[in-house]
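Just below is one structure, and these are the notes that go with it.
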Amino acid sequence: MTGDHSTGAPQYQVAAVRRALAEDDRTAEQGIKVTVRGDTILLSGDVECERRRDEIAAVVHEVVPAMRIYNDIKVTEAGEPTGREEFR
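Per my numbering, residue 371 is the first one in the sequence shown, and the count goes up by one each step.
Here is the structure:
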(Lines of atoms letter the chains of each structure in order from A and count residues from 1; the text may use other names and numbers.)
(Lines give C-alpha, C1' and ligand atoms only; values in the text may rest on other atoms or scores of the structure.)
Protein backbone atom coordinates (compact mmCIF):
# COMPACT_ATOMS: atom_id res chain seq x y z
CA MET A 1 0.00 0.00 0.00
CA THR A 2 1.43 3.33 -0.99
CA GLY A 3 0.69 6.89 -0.04
CA ASP A 4 0.78 8.90 3.14
CA HIS A 5 -2.51 8.58 5.00
CA SER A 6 -1.36 10.72 7.96
CA THR A 7 -4.01 13.33 7.23
CA GLY A 8 -7.72 12.90 6.76
CA ALA A 9 -10.61 11.64 8.80
CA PRO A 10 -9.69 9.14 11.54
CA GLN A 11 -11.94 6.42 10.10
CA TYR A 12 -10.00 6.59 6.82
CA GLN A 13 -6.68 6.42 8.64
CA VAL A 14 -7.85 3.35 10.57
CA ALA A 15 -9.10 1.72 7.36
CA ALA A 16 -5.81 2.42 5.56
CA VAL A 17 -3.77 0.93 8.42
CA ARG A 18 -5.99 -2.15 8.74
CA ARG A 19 -5.85 -2.74 5.01
CA ALA A 20 -2.06 -2.41 4.96
CA LEU A 21 -1.68 -4.82 7.88
CA ALA A 22 -3.91 -7.37 6.15
CA GLU A 23 -2.35 -7.05 2.68
CA ASP A 24 1.35 -6.60 3.45
CA ASP A 25 3.30 -9.87 3.10
CA ARG A 26 5.33 -9.06 6.22
CA THR A 27 2.26 -8.99 8.42
CA ALA A 28 -0.91 -10.44 6.82
CA GLU A 29 -2.52 -9.46 10.12
CA GLN A 30 -6.20 -8.94 10.91
CA GLY A 31 -6.15 -9.35 14.68
CA ILE A 32 -4.70 -5.98 15.68
CA LYS A 33 -6.97 -3.24 17.01
CA VAL A 34 -6.23 0.16 15.47
CA THR A 35 -7.44 3.39 17.10
CA VAL A 36 -6.75 7.01 16.18
CA ARG A 37 -6.52 9.66 18.88
CA GLY A 38 -5.48 13.03 17.50
CA ASP A 39 -2.06 12.61 15.89
CA THR A 40 -1.46 9.19 17.47
CA ILE A 41 -2.21 5.69 16.20
CA LEU A 42 -2.78 3.19 19.01
CA LEU A 43 -2.11 -0.47 18.26
CA SER A 44 -3.26 -3.26 20.58
CA GLY A 45 -3.60 -7.01 20.44
CA ASP A 46 -1.44 -10.09 20.84
CA VAL A 47 1.30 -11.55 18.64
CA GLU A 48 3.60 -14.54 19.01
CA CYS A 49 6.99 -12.78 18.94
CA GLU A 50 8.80 -9.45 19.23
CA ARG A 51 9.79 -9.53 15.56
CA ARG A 52 6.14 -9.67 14.50
CA ARG A 53 5.33 -6.74 16.81
CA ASP A 54 8.13 -4.71 15.20
CA GLU A 55 7.04 -5.63 11.65
CA ILE A 56 3.51 -4.42 12.39
CA ALA A 57 4.84 -1.09 13.68
CA ALA A 58 7.02 -0.72 10.56
CA VAL A 59 4.07 -1.27 8.22
CA VAL A 60 1.95 1.23 10.15
CA HIS A 61 4.76 3.80 10.01
CA GLU A 62 4.89 3.44 6.22
CA VAL A 63 1.15 4.14 5.95
CA VAL A 64 1.00 7.09 8.39
CA PRO A 65 4.59 8.38 8.67
CA ALA A 66 3.64 11.74 10.17
CA MET A 67 1.68 10.19 13.04
CA ARG A 68 3.02 8.97 16.36
CA ILE A 69 2.60 5.26 16.98
CA TYR A 70 1.76 3.92 20.43
CA ASN A 71 2.44 0.20 20.18
CA ASP A 72 0.59 -1.62 22.95
CA ILE A 73 0.79 -5.00 21.19
CA LYS A 74 1.64 -7.75 23.67
CA VAL A 75 3.92 -10.67 22.91
CA THR A 76 2.18 -13.85 24.03
CA GLU A 77 4.27 -16.99 24.10
CA ALA A 78 2.53 -20.11 22.91
CA GLY A 79 4.27 -23.06 24.49
CA GLU A 80 3.72 -26.76 24.39
CA PRO A 81 0.62 -28.06 26.18
CA THR A 82 1.32 -28.93 29.80
CA GLY A 83 -1.22 -31.70 30.02
CA ARG A 84 -3.85 -33.65 28.24
CA GLU A 85 -7.00 -31.83 27.21
CA GLU A 86 -10.27 -33.59 27.98
CA PHE A 87 -13.36 -33.15 25.85
CA ARG A 88 -16.79 -33.93 27.22
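Here a beta-carbon is modelled for each residue, glycine too, at the ideal position from N, C-alpha and C. Remember, it's a predicted structure, so these values are computed and weren't measured experimentally.
{"Query": "Taking all protein chains shown into account, decide if Thr452 is buried (16 or more other Cβ within 10 angstroms of its Cβ) or exposed.", "Result": "exposed"}
{"Query": "Kindly indicate which residue of Phe457, Tyr382, Glu450 has the alpha-carbon position closest to the one of Arg407.", "Result": "Tyr382"}
{"Query": "Consult DSSP for Arg438 and reduce its assignment to one of helix, strand or coil.", "Result": "strand"}
{"Query": "From Glu399, Glu393, Arg388, Asp409, pick the residue whose C-alpha is nearest to that of Pro435; which is it?", "Result": "Asp409"}
{"Query": "Hey, how far is the Cα of Ile411 from the Cα of Arg454?", "Result": "41 Å"}
{"Query": "According to DSSP, simplified to helix, strand and coil, what is Thr397?", "Result": "coil"}
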